Amino acid sequence: MVRGFSIFGFFSFIYIGACLASEPELKRITVDEARARVKLLESVYLSTLQNMHRRYFDGNERAPVPSKVMEEVFRRVDYDNGTKSRWIAVNTPAMHPDHEPKDELSKAIAKHLKSNLTRFERISDERFISGRSITLFASCQKCHVSALTQQNGGRKVAGLVIELPLVYKVARDR
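My numbering puts the last residue of the sequence shown at 1208; the count rises by one with no breaks.
The following block contains the structure:
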C-alpha cells in the first residue's frame, strides 16, 4: 500500500511539475529597461518609415502610404511583444480617422507634443506609455498639410505612441 502511494505521489509530483512548467513565468522589467525598449522600437519604426518615404515612391506611380504599411509592422510587432503602437495627429490634420486623438491619454500626448516637447512618458496599469514627436519634413507636408499651412512655418509633427507592458509573460521558444 505504501509503495502504491509512493508511486502515485511520484507521478502526481511529475504531473504537477509539468503543469507548472507549462505556465508562462511572469517577469517584471524596470522603467529604464522599458524606456530602452521603446527607444529601440522607435528607431526601427522611424528608420523604416524614412526609408520607405525615400525609396518607395517612383514618380507619379501610386503606392500604399508608408505610414499605413508601418501599421502592418505595428500589428505584427505588437502581437509578438504584447506592445501597442499607433500614430496620432498632433498639429496637422489626421490622415486617417484612427489617428485622431480620441481618448484622454491620446489627447494628453498630442497636447504635450504640440507644445514643442519631444517626448511624453507615463506609467499606468503596469504599462510604460511613451509618445514622441515625428517631424513632418517638406516631402511629408505636401500630403499632410495644405500649401498655405506649409508657408505659415513652424514645426509640423505627428506622434508615435508605444505602450509597453512592465510585467509580461516570458515566451517559450517556438
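Every residue gets a Cβ at the ideal spot worked out from N, C-alpha and C, and that includes glycine.
Since we're looking at a predicted model, the values are computed, not measured.
task = Quick one: using the 10 Å Cβ neighbour count with 16 as the cut-off for buried, is Asn1125 buried or exposed?
result = Here residue 1125 refers to the residue found at position 91 of the sequence shown. Classification of Asn1125: buried, given that the 10 Å Cβ count is 16 or more.
message = Can you give me the C-alpha to C-alpha distance between Ala1142 and Leu1151, rounded to a whole angstrom?
response = Here residue 1142 corresponds to residue number 108 of the sequence shown, with the count starting at 1. Here residue 1151 corresponds to residue number 117 of the sequence shown, with the count starting at 1. For the pair Ala1142 and Leu1151, the Cα-to-Cα distance works out to about 12 Å.
Endpoints, beta strand (DSSP E) assigned at Ser1164 = By 1-based counting over the sequence shown, the position of residue 1164 is 130. Taken as a continuous stretch (DSSP letters only), the beta strand (DSSP E) holding Ser1164 covers 1161 to 1169.
query = For the candidate residues Gly1188, Leu1080, Asp1159, whose alpha-carbon lies nearest to that of Val1103?
reply = As a first step, residue 1103 must be located in the sequence shown, where it is residue number 69. When each option's Cα is compared against that of Val1103, the closest is Leu1080.
query = So, Ile1122 versus Gly1188, is the Cβ gap smaller than 8 Å?
reply = Locating residue 1122 in the sequence shown gives position 88, counting from the first residue. Locating residue 1188 in the sequence shown gives position 154, counting from the first residue. The criterion of a C-beta distance shorter than 8 Å is not satisfied by Ile1122 and Gly1188.
key: Identity of the residues DSSP links to Gly1193 by a beta bridge   = The residue labelled residue 1193 in the question sits at position 159 within the sequence shown. Gly1193 is bridged to Ile1122, Ser1167.
inquiry  = I want to see whether chain B comes within less than 8 Å of Ile1143, judged by CB atoms only; does it?
reply    = Looking at the structure shown, chain B is missing, and only one protein chain is on hand.
key: Opening and closing residue of the beta strand (DSSP E) in which Leu1060 lies   = For the purposes of this step, residue 1060 is identified with residue 26 of the sequence shown, where counting begins at 1. Its beta strand (DSSP E) spans residues 1060 to 1062.
message = What residue range does the alpha helix (DSSP H) around Lys1145 cover?
response = Within the sequence shown, the letter at position 111 stands for residue 1145. Annotation: the continuous alpha helix (DSSP H) that includes Lys1145 extends over 1138 to 1148.
ask   = Touch check for the region 1158 to 1172 and the region 1128 to 1135: three-plus C-beta pairs under 8 Å?
value = Remark: fewer than three beta-carbon pairs, one from each stretch, lie closer than 8 Å, so the region 1158 to 1172 and the region 1128 to 1135 are not flagged as touching.
query = From Leu1170, Leu1075, Pro1098, pick the residue whose C-alpha is nearest to that of Gly1116; which is it?
reply = Here residue 1116 corresponds to residue number 82 of the sequence shown, with the count starting at 1. When C-alpha distances from Gly1116 are compared across Leu1170, Leu1075, Pro1098, the shortest belongs to Leu1075.
query = Could you give the distance in angstroms between the alpha-carbon of Pro1135 and the alpha-carbon of Arg1153?
reply = Sequence index remark: in the sequence shown, residue 1135 carries index 101 (1-based). Sequence index remark: in the sequence shown, residue 1153 carries index 119 (1-based). Pairing Pro1135 with Arg1153, the inter-Cα distance amounts to about 16 Å.
inquiry  = Using C-beta distances below 7 Å, list every residue in its chain close to Leu1170, excluding the 5 sequence neighbours before and after it, in chain order.
reply    = Reading the sequence shown from its first residue, position 136 is the one you call residue 1170. Taking Leu1170 as the centre and dropping the five residues before and after it, the same chain places the C-beta of Thr1126, His1178, Lys1190, Val1191, Ala1192 closer than 7 Å to its C-beta, in chain order.
Length of the line joining the Cα atoms of Arg1156 and His1087 = The residue you call residue 1156 lines up with position 122 of the sequence shown. The residue you call residue 1087 lines up with position 53 of the sequence shown. Straight across, the Cα-Cα distance linking Arg1156 with His1087 is about 30 Å.
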